[in-house]
Amino acid sequence: MAGPSTTEVNFGSFFNTISSALLLKDPNLAHKHNLTRKWSAANSTRPVRGEEIARKPDLTLLDDLEARWDTIKAVCELTASPYLPSQTIAKSLDSKAYLLLKHQPWRHFALFISLCNGYRDLRVHLYDHSGGVVSPCTNIDKEPDKYLHIFSCIVFGNLECIGFDSTISI
3 MAGPSTTEVN FGSFFNTISS ALLLKDPNLA HKHNLTRKWS AANSTRPVRG EEIARKPDLT
63 LLDDLEARWD TIKAVCELTA SPYLPSQTIA KSLDSKAYLL LKHQPWRHFA LFISLCNGYR
123 DLRVHLYDHS GGVVSPCTNI DKEPDKYLHI FSCIVFGNLE CIGFDSTISI
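Under my numbering, think of the first position of the sequence shown as 3, with each following residue one higher.
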């Protein structure tokens, strides 16, 4: 029996449906980099294993693996509230970025996205070992093409697009 339908589960399904639709339009998206990335809400209710600091990312982008801080490709956080740097979501993203970079030191940066303000405002959060920056808001209703472009780059882009150092093989 399927678990309860939560906002996180619904958005994980929505994101994976968008990915499938984009692949139907252009099958070469996945073939270019041999991608199998999927969004998962599995850790939205339980912390990612293997860390003293318990954090539960709403959505994780994975290569068909169990979510661990050393396997997560990207994270998405969801809130119905408007984004403010002083709110819980920003602090939550900061701590998750720390954990991701701690367990993936081969990355130049860690990429996160947030959906805020009724889940309509997308922001990209980039963290490196010195700190983080947040992009301006992209509203799904006002800029759907830009929204899809950002989404496509994260899901279908090469590993360098999401912060991996191509000179290091793990």
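Even for Gly, the Cβ is constructed at its ideal location relative to N, Cα and C.
Item, Value
"Smallest Cα separation from Ala-32: which of Ser-132, Ser-154, Arg-109?", "Ser-154"
"Does the distance from the C-beta atom of Val-157 to that of Phe-114 stay below 7 Å?", "no"
"Please report how far the alpha carbon of Lys-58 lies from the alpha carbon of Lys-144, in whole angstroms.", "30 Å"
"Tell me which residues share the same chain as Asp-130 and place their Cβ nearer than 7 Å to its Cβ, disregarding the 5 neighbours each side in the sequence.", "His-110, Phe-111"
"Just list the residues that DSSP pairs His-127 with in beta bridges.", "Phe-114, Val-136"
"Verify whether the separation of the beta carbon atoms of Ser-168 and Glu-162 is less than 7 Å.", "yes"
"Okay, do the region 13 to 24 and the region 86 to 95 touch, 3+ Cβ pairs below 8 Å being the bar?", "no"
"Alpha carbon to alpha carbon, how far is Leu-80 from Leu-117? Give it in angstroms, no decimals.", "5 Å"
"Starting from the Cα of Ile-55, find the closest Cα among Asp-96, Val-126, Leu-150, Ile-152 and give me that residue.", "Asp-96"
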